[in-house]
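FYI, in my numbering the residues of the sequence shown are 620 to 904.
Ideal Cβ positions, reconstructed from N, Cα and C, are used throughout, including at glycine.
It should be emphasised that the depicted structure is a prediction, and the values quoted were computed from it without experimental measurement.
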Amino acid sequence: MKRLGTILTGLGLVGLLVAGLQINAQDKTEKPEKKPSEFKSVKEKVSYGFGMNIGMNISRSLKSQDIDVDNEALFKGIQDALKGTESRVSDEEMQAALKIFEKEMAVKAKKQREEAKKQRDELAKKQVLGDPKMKALAEKNAKESEEYLKKNKAKDGVKTTASGLQYEVLKEGKGKKPTETDVIVAHYHGTLPNGTVFDSSVERKRPATFPVDRVIDGWTEALQLMPVGSKWRLVIPANLAYGWSGSGEDIGPQQALIFDVELLEIQGDEPEAPPTTPAKEPESK
Numbered sequence: 620m621k622r623l624g625t626i627l628t629g630l631g632l633v634g635l636l637v638a639g640l641q642i643n644a645q646d647k648t649e650k651p652e653k654k655p656s657e658f659k660s661v662k663e664k665v666s667y668g669f670g671m672n673i674g675m676n677i678s679r680s681l682k683s684q685d686i687d688v689d690n691e692a693l694f695k696g697i698q699d700a701l702k703g704t705e706s707r708v709s710d711e712e713m714q715a716a717l718k719i720f721e722k723e724m725a726v727k728a729k730k731q732r733e734e735a736k737k738q739r740d741e742l743a744k745k746q747v748l749g750d751p752k753m754k755a756l757a758e759k760n761a762k763e764s765e766e767y768l769k770k771n772k773a774k775d776g777v778k779t780t781a782s783g784l785q786y787e788v789l790k791e792g793k794g795k796k797p798t799e800t801d802v803i804v805a806h807y808h809g810t811l812p813n814g815t816v817f818d819s820s821v822e823r824k825r826p827a828t829f830p831v832d833r834v835i836d837g838w839t840e841a842l843q844l845m846p847v848g849s850k851w852r853l854v855i856p857a858n859l860a861y862g863w864s865g866s867g868e869d870i871g872p873q874q875a876l877i878f879d880v881e882l883l884e885i886q887g888d889e890p891e892a893p894p895t896t897p898a899k900e901p902e903s904k
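Here it is in structure tokens:
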């Protein structure tokens, strides 16, 4: 049950109860006068206040993360914990349930990120098309990117996935392939179609560490196809990169990106090629 306790603590369910009660008690907002409560002793009233505060913290935390619970089972869990009785659910059963729960939450979070990305890109598109200079730049980038992708696709050894991602295997790896929920360590060198370097862990001489599902779509797709120890060259269409938004000063709207990526390890596994310096998480783009 330790894992469940860690998750609940992470949800922020352990609040400063006394502080919460004091804040509520000091609330000077005018409210309709209530009849005396059914609780007579100080112990009863404070205990009820603790319960209310715990309930409000739980409710806020669950709502903020869009978590649906069975209230009856929740109440039973709290009651059993207060009584010190043995859990009605075995550790094995709880572990299995938590794995399913975490997968469901991951799917929900992914959908939310995809929807947020779609909204950001639609807004960026509207802004770009409304600015003559940015519109011209986007059209120029799109044309250059399309030509680069077409030329690269015809090269020997280049493979194209259903999404339009292009990759070329520069070095075969023999390790495991990451999953979407893994955290990996990699070296990368990113350039634009014109050869401009916009980001490079290789030049920094320090590999990057990041979750597979928290990078651009082209990376997320490619990483799950790469065995540890591999080095690939990726050519990522704009819609799998930063789309209409671009990123920073170097990456403009509708620009394809080229990356040389070497997958060093999956965190938590035995590294095939461990980094020689502390890893640094790349900036979100």
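- In this structure, DSSP gives residue 838 a helical state, which the three-state scheme calls helix.
- In the three-state reduction of the DSSP assignment, residue 805 falls in the strand class.
- The residue among 880, 844, 871, 789 with its C-alpha nearest the C-alpha of residue 762 is 871.
- Only residues of its own chain outside the window of five on either side were considered, and among them 792, 796, 851, 882 have a CB closer than 7 Å to the CB of residue 845, listed in chain order.
- Residue pairing from DSSP places residue 851 in a beta bridge opposite 788, 880.
- The Cβ-Cβ distance between residue 799 and residue 834 does not fall below 7 Å.
- DSSP places residue 658 outside both helix and strand once states are collapsed to three, so it counts as coil.
- Per DSSP, the continuous alpha helix (DSSP H) segment holding residue 764 begins and ends at 751-772.
- By the CB criterion at 7 Å, residue 767 and residue 875 fall inside the cutoff.
- For residue 885 against residue 803, the beta-carbon gap comes to about 5 Å, under 8 Å, which counts as contact.
- The three-state secondary structure of residue 866, taken from DSSP, is strand.
- For residue 816, the three-state secondary structure derived from DSSP is strand.
- Counting along the chain, residue 725 sits inside the alpha helix (DSSP H) bounded by residues 710-748.
- Relative to residue 775, the option among 789, 722, 714, 782 whose CA is nearest is 789.
- Nearest to residue 745 by alpha-carbon distance, out of 887, 873, 863, is 863.
- Taking the C-beta atoms as reference points, residue 772 is found no nearer than 7 Å to residue 780.
- In this model, residue 673 and residue 707 are separated by some 22 Å (Cα to Cα).
- For residue 692, the enclosing alpha helix (DSSP H) starts and ends at 690-702.
- In terms of Cβ geometry, residue 786 and residue 841 form a close pair [threshold 7 Å].
- Spanning the alpha carbons of residue 848 and residue 689 requires a straight line of approximately 45 Å.
- A direct Cα-to-Cα measurement between residue 733 and residue 739 gives close to 10 Å.
- Judged by beta-carbon spacing, residue 820 lies within the 7 Å limit of residue 826, meaning their Cβ atoms are closer than that value.
- Residue 853 counts as buried, since no fewer than 16 other beta carbons sit within 10 angstroms of its beta carbon.
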